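Asks: Starting off with a structure, shown below.
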Amino acid sequence: MLRLVRGLLAAWLALLAVVQLAVLALVWWIFVRTAHGQVLDASVLRATRIGRTQVEGMVDALLNAVSVASLLAATVVIGFVALARRRYRLAIVATLLIACANLTSQILKRYVIDRPDLGIAGTDIGAPNSMPSGHMTVATSIVVAAVLVLPPRLTSLTAVLGAGYAAATGIATLSAGWHRPSDALAALLIVGTWASGAGTILLLGQKREPVTEPAAPHHRTVAILALAGASLLVVAVLAIGLSDHGELTAPVDLGPGRLVGAYVGGAAGVAGGTGLMMAMVLSTVHRVVPTLHRPTLIDTIVDTLPLPNHPSGDDTSGSTDETRTA
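So in the working numbering, spot 193 of the sequence shown is number 362, and the numbers just go up one at a time.
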């Protein structure tokens with residue numbers, strides 16, 4: 170039975186990877202290759218000029234924390250945590266997830282995606298291409314890897330706080346005028362694709378690993394993240410729809426009210442997409458990284474920490490009495 174569950178979940182993750190690649194192609198086509206998509210994206214960037222000085226310090230502090238050095242340091246820490254939990258395969262897969270997601274973003278941005286000039290005033294931000302966002306890829310890939318490697322008792326909290334951090338990073342790139350909303354969405358889809366691939370690899374490698382069936386997955390946190398993400402995407406569609414004047418209306422011709430609506434829509438879209446992606450990862454992590462029959466020292470220490478009790482449906486620290494060999 171356990172083999173059947175693993176097989177079905179591996180097929181589901183593989184399907185999710187394909188779907189996310191298809192959505193990535195759709196985002197690229199709409200927001201890079203069409204005039205209407207370029208206008209929608211550029212309207213958000215035009216709106217960021219309103220009140221930028223009030224948030225400039227906070228935005229710079231958040232974005233400056235994302236660097237090659239911080240990426241390497243976070244990767245080393247994540248790999249160390251996985252090794253300390255005796256999850257050697259997980260250490261390799263989580264590290265590769267971060268590396269492959271960020272390498273994919275840089276290759277697509279520098280060598281693959283070309284943003285044509287369609288002659289619409291205000292759609293150029295001073296760079297030939299900005300899709301996907303490197304900052305968003307760094308933040309999201311680190312958060313997803315952390316959700317995979319940390320002990321189960323910290324997983325839900327990490328997913329919620331990590332989703333907030335990744336969403337804030339994506340919105341900060343908009344506020345700074347560095348990226349368009351579609352750039353952040355593309356980064357999310359790239360990380361989500363690699364996360365699905367990593368989950369598939371981890372599932373297929375469990376055949377000889379003694380594990381304990383989780384008592385309860387993170388149902389409530391997954392529901393909260395998914396509901397929040399879907400709600401924010403609805404807000405994004407409504408706000409952008411109300412501010413949209415069509416592809417022939419250049420962003421420079423939009424009034425302040427419509428520009429603010431465009432910014433609200435773009436920010437809500439980034440935050441909503443982050444919530445849904447994190448819910449997707451969290452919904453399968455208890456199967457992708459099941460509890461080992463023998464807990465390690467780090468798991469024991471975390472279990473003794475005075476953390477708030479999980480709400481009903483999110484208690485993953487316990488396990489059934491009956492152990493199963495995968």
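For glycine and all other residues, C-beta sits at the position ideal for the given N, C-alpha and C.
None of these values were measured; they are calculated from a predicted model.
Is there at least one non-hydrogen atom of the ligand PLP closer than 7 Å to the beta-carbon of R256?
Replies: Although the ligand PLP was asked about, the structure shown includes no ligands whatsoever.
Asks: Given D413, which residues of its chain have a CB within under 7 Å of its CB, disregarding the five upstream and five downstream residues?
Replies: Here residue 413 is taken as the residue at index 244 of the sequence shown, counted from 1. So the qualifying residues of the chain are L209.
Asks: Cα-Cα, which of V196, T273, S302 is closest to G346?
Replies: Sequence index remark: in the sequence shown, residue 346 carries index 177 (1-based). Closest by alpha carbon: S302.
Asks: Pull up the distance between the alpha-carbon of A384 and that of A367, whole angstroms please.
Replies: Sequence index remark: in the sequence shown, residue 384 carries index 215 (1-based). Sequence index remark: in the sequence shown, residue 367 carries index 198 (1-based). Confidence at A384 is low in this model, with a pLDDT of 43, below 50, so the placement of that residue should be treated as unreliable; the coordinate-derived value is given next. Approximately 23 Å, taken between the alpha carbons.
Asks: According to the neighbour-count rule (16 or more other Cβ atoms, all chains shown, within 10 Å of its Cβ), is Q275 buried or exposed?
Replies: Along the sequence shown, read from residue 1 onward, the residue named residue 275 stands at position 106. Q275 comes out exposed.
Asks: Who pairs with G443 in a beta bridge, going by DSSP?
Replies: Within the sequence shown, residue 443 is the residue found at index 274, counting from 1. Checking the sequence shown, residue 443 turns out to be Thr, not Gly. According to DSSP, T443 bridges with nothing at all.
Asks: For a minimum of 4 consecutive residues, which ranges assigned as the alpha helix (DSSP H) are wholly contained in the stretch 228-289?
Replies: Runs of the alpha helix (DSSP H) inside the stretch 228-289: 237-253, 257-276.
Asks: Which of the three DSSP states is assigned to G333 in this structure?
Replies: Position 164 of the sequence shown holds residue 333. Helix.
Asks: When the distance is taken between beta carbons, is T327 closer than 8 Å to V316?
Replies: Here residue 316 refers to the residue found at position 147 of the sequence shown. Here residue 327 refers to the residue found at position 158 of the sequence shown. Yes.
Asks: Could you compute how far the alpha carbon of A436 sits from the alpha carbon of L343?
Replies: As a working mapping, residue 436 is identified with position 267 in the sequence shown. As a working mapping, residue 343 is identified with position 174 in the sequence shown. If I take the Cα positions, the gap works out to 8 Å.
Asks: Which residues in the same chain have their Cβ closer than 6 Å to the Cβ of G374, if we skip the five residues on either side of it in sequence?
Replies: Position 205 of the sequence shown holds residue 374. Excluding residues within five positions, the ones whose Cβ falls inside 6 Å are R258.
Asks: Measure from the alpha carbon of V237 to the alpha carbon of each residue in V262, D352, I311, L195, then state which is nearest.
Replies: Within the sequence shown, residue 237 is the residue found at index 68, counting from 1. The option with the nearest alpha carbon to V237 is I311.
Asks: Beta carbon of A263, beta carbon of I247: below 8 Å?
Replies: Residue mapping note: residue 263 aligns to position 94 of the sequence shown, counting from 1. Residue mapping note: residue 247 aligns to position 78 of the sequence shown, counting from 1. Against a cut-off of 8 Å, the Cβ pair of I247 and A263 comes out as a contact.
Asks: In whole angstroms, what separates the C-alpha of L182 from that of A408?
Replies: The count along the sequence shown starts at 1 and reaches residue 182 at position 13. The count along the sequence shown starts at 1 and reaches residue 408 at position 239. The alpha-carbon atoms of L182 and A408 are separated by roughly 32 Å.
Asks: Less than 8 Å between the CB atoms is what I'm expecting for A216 and V429, so what's the real figure, rounded?
Replies: For the purposes of this step, residue 216 is taken as the residue at position 47 of the sequence shown. For the purposes of this step, residue 429 is taken as the residue at position 260 of the sequence shown. Confirmed, Cβ separation roughly 6 Å.
Asks: S351 and F249: beta carbons closer than 8 Å?
Replies: Residue 351 sits at position 182 when you count from the first residue of the sequence shown. Residue 249 sits at position 80 when you count from the first residue of the sequence shown. No; because the gap between Cβ atoms is not below 8 Å, this pair is not in contact.
Asks: Please list the terminal residues of the continuous alpha helix (DSSP H) segment that includes W363.
Replies: Within the sequence shown, residue 363 is the residue found at index 194, counting from 1. Its alpha helix (DSSP H) spans residues 350-373.
Asks: Would L178 pass as a contact of R456 if the rule is Cβ separation under 8 Å?
Replies: To locate residue 178, count along the sequence shown from 1; it is residue 9. To locate residue 456, count along the sequence shown from 1; it is residue 287. Yes, the pair counts as a contact, with Cβ atoms nearer than the cut-off.
Asks: Within 10 angstroms of the Cβ of V245, are there 16 or more other Cβ atoms? Answer buried if so, exposed if not.
Replies: Within the sequence shown, numbered from 1, the residue matching residue 245 stands at position 76. Exposed is the call here.
Asks: Apply the 10 Å Cβ neighbour rule to L285 and answer buried if 16 or more other Cβ atoms are within range, or exposed otherwise.
Replies: As a working note, residue 285 is residue 116 in the sequence shown. Here the sequence assigns Pro to residue 285, which means Leu is not the residue at that position. Exposed: under 16 other Cβ atoms inside 10 Å.
Asks: Spatial neighbours of A314 within its chain, please: C-beta separation below 6 Å, excluding the five flanking residues on both sides.
Replies: Indexing the sequence shown from 1 puts residue 314 at position 145. Closer than 6 Å at Cβ, skipping near neighbours: I247, A263, L266, I267.
Asks: Which residue comes first and which comes last in the alpha helix (DSSP H) that contains R215?
Replies: Within the sequence shown, residue 215 is the residue found at index 46, counting from 1. Counting along the chain, the alpha helix (DSSP H) containing R215 begins and ends at 204-216.
Asks: Any idea if L173 is buried or exposed, counting beta-carbon neighbours within 10 angstroms, 16 or more meaning buried?
Replies: For the purposes of this step, residue 173 is taken as residue 4 along the sequence shown, with counting starting at 1. It is exposed - the Cβ of L173 has fewer than 16 other Cβ atoms within 10 Å.
Asks: Roughly how many whole angstroms lie between the Cα atoms of Y432 and G438?
Replies: As a first step, residue 432 must be located in the sequence shown, where it is residue number 263. As a first step, residue 438 must be located in the sequence shown, where it is residue number 269. About 10 Å.
Asks: Apart from the five residues just before and just after V213, which ones in its own chain have a Cβ nearer than 7 Å to its Cβ?
Replies: In the sequence shown, the residue the question calls residue 213 occupies position 44. Around V213: L343, R349, P350, A431, Y432, G435.
Asks: Hey, how far is the Cα of G442 from the Cα of A260?
Replies: Here residue 442 corresponds to residue number 273 of the sequence shown, with the count starting at 1. Here residue 260 corresponds to residue number 91 of the sequence shown, with the count starting at 1. Near 27 Å, if we compare the C-alpha coordinates of A260 and G442.
Asks: Please report the straight-line C-alpha distance between G226 and L232, rounded to a whole angstrom.
Replies: In the sequence shown, the residue the question calls residue 226 occupies position 57. In the sequence shown, the residue the question calls residue 232 occupies position 63. Answer to the nearest angstrom: the Cα atoms are 10 Å apart.
Asks: Run through DSSP, which three-state label would W181 get?
Replies: Working through the sequence shown from its first residue, we reach residue 181 at position 12. In this structure, W181 counts as helix in the three-state DSSP scheme.
Asks: Are the Cβ atoms of G444 and A341 separated by less than 8 Å?
Replies: Here the question's residue 444 lines up with position 275 in the sequence shown. Here the question's residue 341 lines up with position 172 in the sequence shown. Not closer than 8 Å, so no.
Asks: By DSSP, does S299 sit in helix, in strand, or in coil?
Replies: Here residue 299 refers to the residue found at position 130 of the sequence shown. Three-state result, S299: coil.
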